[in-house]
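Asker: Per numbering that gives the first Met the number 0, the very first residue in the sequence shown carries number 0; after that it's consecutive. Glycine included, each C-beta is placed from N, C-alpha and C at the ideal position. These numbers were taken from a predicted model, which means no experiment stands behind them. This structure is in structure tokens; I'll ask about it shortly.
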Amino acid sequence: MLEVKDLEVYYGLIKALHGVSFEVKQGEIVTLIGANGAGKSTTLRTISSLIKPKTGTITFQGQDITGKAPHTIVAQGLSHVPEGRKVIGDMTVLENLRMGAFTRGDKGEIAASLDEVFARFPRLKERANQLAGTLSGGEQQMLAIGRGIMSKPKLLLLDEPSMGLSPKLVEEIFSIISTINSQGTTILLVEQNAFMALQVAHRAYVLETGRVVLSGDAKKLQKDEKVRSAYLGE
């Protein structure tokens, strides 16, 4: 479904990604794990064309999307839930969700998707007319994910969905991620909470200073001594 090949990205003179390559197959949850500054968020932002790579290619469903306009990538079925949620605070929950469907034209289908989001996140339905900026951190994360799936994506990019949340909410968010995947959406997950990421993912890639240094089955990587020592606190 997604193939990233030999991505090199610079911030000015600083090289952030050094030939990053990986793939995501349809139906999978694939996670990118690594320390702060490893290049995880940069990778997602490059895939969704918020950053332009110096070299390398990104292929989505057989089409080269490298450097395409972000809104055309969304229309093709790729949605990005950014780090820090980025909800629009002075708009209501409902308005934020409708913004997620900006590439879609069928009002009936948009209404059906809205019902699905509210069924999945009952708290958002309760707060539909509340300003997004007044929500708790966990509710804002639910809104960010809900807004992401309003575009009806084939592939959902999730950037640090557990950041700043309590352990109980982290478990709830990861349960939601598993459910979304089980209902047919492929997921590429960037996450510092390596333990939880490896619990839900099928496969994983480990990034260090802009390079993929390890990859494989997520459950096997959980048992890898290097991974356990560096990322699982053991």
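Is it buried or exposed, PRO284, if we count other Cβ atoms within 10 angstroms and call 16 or more buried?
Answerer: Nothing in the structure corresponds to residue 284, since the chain is present only between 0 and 233.
Asker: My understanding is that GLU190 touches THR30, with C-beta atoms under 8 Å, so please give their C-beta distance in whole angstroms.
Answerer: The count along the sequence shown starts at 1 and reaches residue 190 at position 191. The count along the sequence shown starts at 1 and reaches residue 30 at position 31. Contact holds; Cβ gap of about 6 Å.
Asker: Within its chain, find whatever has a CB closer than 6 Å to the CB of GLY76; leave out the 5 residues flanking it on each side and keep chain order.
Answerer: Position 77 of the sequence shown, counting from 1, holds the residue named residue 76. Cβ neighbours of GLY76 beyond the five flanking positions: PRO152, LYS153.
Asker: Starting from HIS17 and walking both ways along the alpha helix (DSSP H), at which residues does that stretch end?
Answerer: Counting from one through the sequence shown, the residue named residue 17 turns up at place 18. Per DSSP, HIS17 belongs to no alpha helix (DSSP H); it is in the beta strand (DSSP E), 13-23.
Asker: Around the Cβ of GLY11, are there at least 16 other Cβ atoms within 10 angstroms (buried) or fewer (exposed)?
Answerer: As a position in the sequence shown, residue 11 is number 12, starting the count at 1. Exposed, by the Cβ-count rule.
Asker: Apply the 10 Å Cβ neighbour rule to THR185 and answer buried if 16 or more other Cβ atoms are within range, or exposed otherwise.
Answerer: By 1-based counting over the sequence shown, the position of residue 185 is 186. Buried, by the Cβ-count rule.
Asker: When the Cα atoms are used, what is the spatial distance from MET149 to LEU113?
Answerer: Locating residue 149 in the sequence shown gives position 150, counting from the first residue. Locating residue 113 in the sequence shown gives position 114, counting from the first residue. Going by the C-alpha atoms only, they are around 7 Å apart.
Asker: Going by DSSP, what residues sit across from ALA203 in a beta bridge?
Answerer: Within the sequence shown, residue 203 is the residue found at index 204, counting from 1. For ALA203, which the question treats as bridged, DSSP gives the partners THR30, GLY215.
Asker: Along the chain, where does the alpha helix (DSSP H) containing ASP114 start, and where does it finish?
Answerer: As a working mapping, residue 114 is identified with position 115 in the sequence shown. 106-119 is the extent of the alpha helix (DSSP H) around ASP114.
Asker: Nearest to ALA131 by alpha carbon, out of MET98, GLY107, GLU108?
Answerer: Within the sequence shown, numbered from 1, the residue matching residue 131 stands at position 132. Among MET98, GLY107, GLU108, the Cα nearest to that of ALA131 is on MET98.
Asker: When you compare only the Cα positions, how much space is there between PRO160 and HIS79?
Answerer: For the purposes of this step, residue 160 is taken as the residue at position 161 of the sequence shown. For the purposes of this step, residue 79 is taken as the residue at position 80 of the sequence shown. Distance between the alpha carbons of PRO160 and HIS79: 11 Å.
Asker: Relative to the alpha-carbon of LYS218, which residue among VAL212, ARG210, VAL86, TYR204 has its alpha-carbon at the smallest distance?
Answerer: As a first step, residue 218 must be located in the sequence shown, where it is residue number 219. The residue with the shortest Cα to Cα distance from LYS218 is TYR204.
Asker: By the DSSP assignment, the alpha helix (DSSP H) with THR91 in it spans what residues?
Answerer: On the sequence shown, position 92 is the one that residue 91 refers to. Neither: THR91 is in no alpha helix (DSSP H) and is coded neither H nor E.
Asker: What separation, rounded to the nearest whole angstrom, lies between the Cα atoms of PHE173 and GLN129?
Answerer: For this step, residue 173 is matched to residue 174 along the sequence shown. For this step, residue 129 is matched to residue 130 along the sequence shown. Straight-line Cα distance between these residues: approximately 25 Å.
Asker: Going by the beta-carbon positions, is the gap between ARG119 and GLU138 smaller than 8 Å?
Answerer: As a working mapping, residue 119 is identified with position 120 in the sequence shown. As a working mapping, residue 138 is identified with position 139 in the sequence shown. No, Cβ-Cβ distance for ARG119 and GLU138 is not below 8 Å.
Asker: In the region 121-167, which residue ranges form an unbroken beta strand (DSSP E) of at least 3 residues, counting only runs that do not cross its ends?
Answerer: For the region 121-167, whole beta strand (DSSP E) runs of length 3 or above, ordered along the chain, are 154-158.
Asker: Whole angstroms are fine: how far does the CA of ILE13 sit from the CA of ALA127?
Answerer: The residue labelled residue 127 in the question sits at position 128 within the sequence shown. The residue labelled residue 13 in the question sits at position 14 within the sequence shown. Rounded to the nearest angstrom, the two C-alpha atoms are 43 Å apart.
Asker: Under three-state DSSP, which class holds ILE172?
Answerer: Counted from its first residue, the sequence shown places residue 172 at position 173. Looking at ILE172 - three-state DSSP - the assignment turns out to be helix.
Asker: Assuming ILE109 contacts ALA100 under a Cβ cut-off of 8 Å, what Cβ separation, rounded to an integer in Å, is found between them?
Answerer: Residue 109 sits at position 110 when you count from the first residue of the sequence shown. Residue 100 sits at position 101 when you count from the first residue of the sequence shown. That pair is a contact at about 5 Å.
Asker: Based on the DSSP secondary-structure assignment, which residues constitute the bridge partners of GLU7?
Answerer: Here residue 7 refers to the residue found at position 8 when the sequence shown is read from its first residue. Note: GLU7 sits in a beta bridge opposite HIS17, THR54.
Asker: What's the C-alpha gap between ASN95 and ALA15?
Answerer: Working through the sequence shown from its first residue, we reach residue 95 at position 96. Working through the sequence shown from its first residue, we reach residue 15 at position 16. So the alpha carbons of these two residues sit roughly 32 Å apart.
Asker: Out of VAL199, LEU188, SER40, point me to the one whose CA is closest to ILE144's CA.
Answerer: Here the question's residue 144 lines up with position 145 in the sequence shown. Selected option, being the one with the closest Cα: LEU188.
Asker: To the nearest whole angstrom, what separates the beta carbons of VAL19 and GLY33, a pair I think is in contact under 8 Å?
Answerer: Here residue 19 corresponds to residue number 20 of the sequence shown, with the count starting at 1. Here residue 33 corresponds to residue number 34 of the sequence shown, with the count starting at 1. Between GLY33 and VAL19 the Cβ distance is about 11 Å, and since that is not below 8 Å, they are no contact.
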